[in-house]
Amino acid sequence: MTSSSRLIRRGAVAVVALGALTAAALPTFASGGDRTTAVRAAVQGGKARNVILLIGDGMGDSEITIARNYAKGAAGRLAMDTLPLTGEYTTYAVNKTDPSRPDYVTDSAASGTGWSTGHKTYNGAISVTPDGKAQPTVLELARKAGFRTGDVTTAELGDATPAVLAAHVADRSCEGPADMAKCPKQDKVNGGPGSISEQQVQTGADIYLGGGRARFAQTVKAGPYKGRTVIDQAKAAGYNVVTDTAGLSAAKADRKLLGLFADGNLPLEQTGPLAKAGGTEPSRCAPNAEFTGPHLTDMAGKALQLLDAQTRHAKKGFFLQIEGASIDKQDHAANPCGQIGEHIEFDNAVKSALDYARHHADTLVVVTADHGHTSQIIPVEADSPGQTATLITADGAEMKINYATTKPGVSQEHTGTEVRIAAQGPQAANVVGVTDQTDLFHTLSRALGVGR
Ligand SMILES: [Zn+2]
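In my numbering, the protein residues as written are -11 to 440.
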């Protein structure tokens, strides 16, 4: 927190005085000043050498506000709040049997398919349209055009958001060769391209970092690697396979990298009281004693370091997606500290990306979400029919968080709201206003000069 933001928090009178006295010392995009020149300077067309796409899963405006209030205070700002150009985009999916009808509440698979391929699809679909057709993804197009590529997440690598860039299956559950019940057409025993994890190896991005080791340890059922694991398949395809923070930091740029740091999703950064019917005592979050690492920022930093090294003397740069996955998963679990801890770590990864872009101005950075989620800030005295928890924020104030999209004790639901999209760098102006998730595919591919 800067001393100026601490001052602003004391009230409106302080803001007026501050604006008059120290305007020159404030950051370019600080509130209160005339931003016209700064916004104009932020509008760049042309091509980007690098694209960094950061996805906060389930990170609606409400989740952003909750994390900001808790970690920075109401008048503070997250790193993701500092991007110069901001819009909102619509997230709806479509009905599988009648794609002309919207399905207003999307999941991560349909929404990810939107920005990775430019096509609307049904909930559960991984980069296939309702007619079953595989659509090329921005990562695949970038790779074909000579860019280096990376895909980083705190979830299993086969989870929807990392999957949509590098795999095409009828249902998101088809993560490993033993999980193919809902994807007979893609099953290798039927001559298909295989599960999500097999397809990720076959697509061949330079870097995959996340969880999901158990899926990659499953046995390939047909084809040249029949009887061996997907990890064996990855090694044969030239991947350096690492499973812990030491292995991650030792990884070199001369080989492809597959990091599998947990059997399932990566552990949470923070713990605290779960929301419950009738509410909780006011409390603060604490670091998770069972956290094993690596942090999302460790993975994001390593990916940036390796991709930078791999492209330094190359004609083309890189495309990198970084996902903070468990904002969503802990929203489902009505776990506010889990949700906030993941959000703050995701914001740290945003800061890493912005630091990189500061020294590489031809980098497009996009920060967005895939869908809204359940958590809401409600009055401390409100009597909710759902589950609530009260946290003590960085302001020293009480914030009551409400989870009430389903009955208490049941996994909370996504919401159908539009969500924030913010950007800087070449083509960033295309996120301004109200757009749709499928428009992001065109913004990214235009920036890279790939696709149509
Ligand atoms: Zn979800």
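Glycine residues also receive a C-beta, built at the ideal position from the N, C-alpha and C atoms. All figures in this text were calculated on a predicted structure; none of them were measured in a lab.
Terminal residues of the alpha helix (DSSP H) in which residue i lies
i, result
"V27", "T24 to A30"
"L514", "This structure leaves residue 514 out entirely; the chain is present only between -11 and 440."
"I219", "V218 to A224"
"D424", "Looking at the DSSP string, D424 is not in any alpha helix (DSSP H); the run it does join, the beta strand (DSSP E), is G421 to D424."
"T105", "S96 to T105"
"N57", "D49 to A59"
"Q309", "Here Q309 belongs to no alpha helix (DSSP H); instead the beta strand (DSSP E) covers F306 to G312."
"S237", "T233 to A238"
Endpoints, beta strand (DSSP E) assigned at residue i
i, result
"Q123", "Run containing Q123: none; DSSP gives neither H nor E here."
"R408", "V407 to Q412"
"V365", "Per the sequence shown, the amino acid found at residue 365 is Ile instead of Val. It spans Q364 to I366 - the beta strand (DSSP E) in which I365 sits, taken as one unbroken run."
"K244", "K244 to L248"
"L505", "Absent from the structure is residue 505, since the part of the chain shown begins at -11 and ends at 440."
"I114", "It is not in any beta strand (DSSP E) - I114 carries neither H nor E in the DSSP assignment."
"D139", "R136 to E144"
"Y227", "Y227 to V230"
"L42", "N38 to G44"
Alpha-carbon spacing of residue i relative to residue j, whole angstroms
i, j, result
"S399", "Q32", "43 Å"
"M(-11)", "A382", "Here the model assigns M(-11) a pLDDT of 39, short of 50, so the residue's position is not dependable, and the following value carries that caveat. Rounded to the nearest angstrom, the two C-alpha atoms are 10 Å apart."
"Q375", "Q415", "42 Å"
"A435", "P261", "43 Å"
"I219", "S237", "20 Å"
"G61", "I380", "10 Å"
"Q221", "S183", "13 Å"
"G20", "D343", "25 Å"
"G413", "P72", "9 Å"
"A11", "I409", "In this prediction, A11 has a pLDDT of 35, which is less than 50 and means its spatial position is unreliable; what the coordinates show is noted afterwards. Between A11 and I409, the C-alpha separation is close to 27 Å."
"V189", "A151", "11 Å"
"G211", "K173", "15 Å"
"Q293", "T101", "27 Å"
"K244", "S88", "41 Å"
"G267", "A55", "19 Å"
"F307", "T74", "21 Å"
"M387", "T259", "17 Å"
"V419", "Y213", "43 Å"
"D251", "V355", "28 Å"
"L14", "A59", "Low per-residue confidence applies at L14: pLDDT is 36, beneath 50, and the placement is therefore not dependable, though the value from the model is reported in the following sentence. If you take the alpha carbons of L14 and A59, they lie about 21 Å apart."
"A0", "G64", "At A0 the pLDDT is 36, less than 50, meaning the model places this residue with poor confidence; the figure from the coordinates comes in the next sentence. Distance between the alpha carbons of A0 and G64: 14 Å."
"S96", "R216", "30 Å"
"A130", "S271", "46 Å"
"H361", "H301", "42 Å"
"A2", "A291", "Low confidence applies to A2: its pLDDT is 36, below 50, so where it sits in the model is not reliable enough to give any reading."
"T109", "E269", "43 Å"
"D242", "Q298", "8 Å"
"D45", "G247", "20 Å"
"G119", "A36", "Residue identity differs from the one stated: residue 119 is Asp in this sequence, not Gly. If you take the alpha carbons of D119 and A36, they lie about 33 Å apart."
Closest by C-alpha distance to residue i, when choosing among the options
i, options, result
"P165", "A158, D175 and D159", "D175"
"S314", "A148, A26, T125 and G75", "A148"
"C273", "G305, L248 and H331", "H331"
"V353", "T79, R23 and A30", "A30"
"V157", "K170, P150 and L145", "K170"
"T394", "A322, R346, I365 and H430", "A322"
"L441", "I365, P275 and E401", "In the structure as shown, the chain starts at -11 and stops at 440, and residue 441 therefore has no counterpart that could be examined."
"A186", "T233, H320, C162 and I195", "Correcting the residue type first, residue 186 is Glu in the shown sequence and not Ala. The candidate whose alpha carbon is nearest that of E186 is C162."
"T105", "V438, T431 and T426", "T426"
"N390", "I366, A411, D86 and P270", "I366"
"L42", "V116, A392 and I310", "I310"
"F249", "V438, T423 and T141", "T141"
"D194", "G404, V229 and T207", "V229"
Neighbour-count burial assignment, residue i, 16 or more Cβ in a 10 Å radius
i, result
"Y92", "exposed"
"V368", "exposed"
"D358", "buried"
"K317", "buried"
"E406", "buried"
"G226", "exposed"
"D139", "buried"
"N83", "exposed"
"E51", "buried"
"A263", "buried"
"R346", "exposed"
"A385", "exposed"
"E128", "buried"
"A28", "Checking the sequence shown, residue 28 turns out to be Arg, not Ala. Classification for R28: exposed."
"A349", "exposed"
"T85", "exposed"
"E333", "buried"
"D443", "In the structure displayed, the chain extends from -11 to 440; residue 443 sits before or after that span and is not available."
"E144", "buried"
(request) Note down, one range per segment and in chain order, each alpha helix (DSSP H) of at least 4 residues found wholly within the segment 171 to 212. (result) Segments of the alpha helix (DSSP H) lying fully in the segment 171 to 212: 184 to 191 and 201 to 204.
(message) As an exercise, report each continuous beta strand (DSSP E) stretch of at least 3 residues that is fully enclosed by the segment 332 to 387, in chain order.
(response) 351 to 357, 364 to 366 and 375 to 380
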